[in-house]
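Asker: Going by the working numbering, the sequence shown opens with residue 4, and the numbers climb by one from there.
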Amino acid sequence: MSDESDRERVAEELRRVRDAVRDRALLEPSSGSALPHPMPARTPERTTPPAAPEPAPAPPRPDNSALNAMWRVLDAPRRSLRGWLGRLGGRGAEAALQRQQDFNARQVQFDNELLGYVEARLDATHRHYDRILGLHGDHMGEIDERHLILQEELVAHVHDLVKRIDLVLGQAERGRLGLESALKDLRARVAALEERLRRG
């Protein structure tokens with residue numbers, strides 16, 4: 004009978020130790036499984052939009068007032084005797100030809116000035132838009148860099164969240180397994196008590 008009582012005493016001691024360990028595992032999470040504090044959410048600062056470059060001063064418009072004054076090459080014929088005699092002598096044709104030559108020369112000058120003006124305007128427009136595209140290209144580069152930083156922070160937050168979810172699920176599973184084991188042990192104890200009560 005002493006062997007039986009020793010065996011029961013040892014079994015009771017083992018059961019008590021096992022219950023204490025199980026209770027600690029269910030109620031006190033281990034310090035090694037504790038996670039660091041979550042990273043604080045960072046609010047990104049607003050970027051300043053690129054300043055629009057000052058447009059270059061426009062080139063001066065060519066002056067066409069002299070050309071406008073010269074456009075009438077032929078004067079109205081004089082209705083006098085003198086005008087009639089001048090036309091017969093050819094002096095009127097010579098003057099008209101000279102006026103036509105002056106007008107043509109001024110027209111060529113104006114055309115050259117107009118081409119220079121258009122080229123200068125196009126060049127200024129190209130330089131202006133090149134500066135704008137350069138500024139916006141730099142700004143887009145900054146935006147891309149900020150997106151990469153935010154992407155890395157998001158990945159770090161997701162990894163941290165996954166670790167925390169794994170920890171919670173692990174604790175819950177361990178708790179469920181512990182409770183199932185405790186319930187199984189409790190059933191065995193109740194069955195043993197019922198057996199003792201039946202025997203007397």
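Built from N, CA and C at the ideal position, the CB exists for glycine as well.
How big is the Cα-Cα spacing for R10 and R19?
Answerer: In the sequence shown, residue 10 corresponds to position 7, counting from 1. In the sequence shown, residue 19 corresponds to position 16, counting from 1. Their backbone Cα atoms lie some 14 Å apart in a straight line.
Asker: Who are the Cβ neighbours of R109 in its own chain at under 8 Å, not counting the five residues just before and after it?
Answerer: Reading the sequence shown from its first residue, position 106 is the one you call residue 109. Hits under 8 Å: A69, L70, M73.
Asker: For the structure I just gave you, are there three or more beta carbon pairs, one from the segment 98 to 108 and one from the segment 48 to 61, closer than 8 Å?
Answerer: With the cut-off at 8 Å, the segment 98 to 108 and the segment 48 to 61 do not touch.
Asker: Does the distance from the C-beta atom of P43 to that of D163 stay below 8 Å?
Answerer: As a working note, residue 43 is residue 40 in the sequence shown. As a working note, residue 163 is residue 160 in the sequence shown. Cβ atoms of P43 and D163: not closer than 8 Å.
Asker: Which class does M143 belong to by DSSP, given the choice of helix, strand or coil?
Answerer: Taking the first residue of the sequence shown as position 1, residue 143 is located at position 140. It is helical.
Asker: Taking the Cβ atom as the reference point for each residue, do P62 and L117 lie within a distance shorter than 8 Å?
Answerer: Counting from 1 along the sequence shown, the entry for residue 62 is found at position 59. Counting from 1 along the sequence shown, the entry for residue 117 is found at position 114. No, they are not a contact pair.
Asker: So what does DSSP say about A202, is it helix, strand or coil?
Answerer: Here the question's residue 202 lines up with position 199 in the sequence shown. In the sequence as presented, Ala is not what sits at residue 202; that position holds Arg. It is helical.
Asker: Can you give me the start and stop residues for the alpha helix (DSSP H) that A69 sits inside?
Answerer: Here residue 69 refers to the residue found at position 66 when the sequence shown is read from its first residue. A69 -> alpha helix (DSSP H) spans 68 to 72.
Asker: Three-state secondary structure (DSSP) at A54?
Answerer: For the purposes of this step, residue 54 is identified with residue 51 of the sequence shown, where counting begins at 1. Three-state result, A54: coil.
Asker: Can you tell me the Cα-Cα spacing of M143 and R124, whole angstroms?
Answerer: Your numbering for residue 143 matches position 140 in the sequence shown. Your numbering for residue 124 matches position 121 in the sequence shown. C-alpha separation (whole angstroms): 28 Å.
Asker: Between F106 and N67, how many whole angstroms is the CB-CB distance? I'm expecting something under 8 Å.
Answerer: For the purposes of this step, residue 106 is taken as the residue at position 103 of the sequence shown. For the purposes of this step, residue 67 is taken as the residue at position 64 of the sequence shown. Rounded, the Cβ-Cβ distance is 12 Å, inconsistent with contact.
Asker: What's the gap between the Cα of V171 and the Cα of V165?
Answerer: By 1-based counting over the sequence shown, the position of residue 171 is 168. By 1-based counting over the sequence shown, the position of residue 165 is 162. The straight-line gap from Cα to Cα measures roughly 10 Å.
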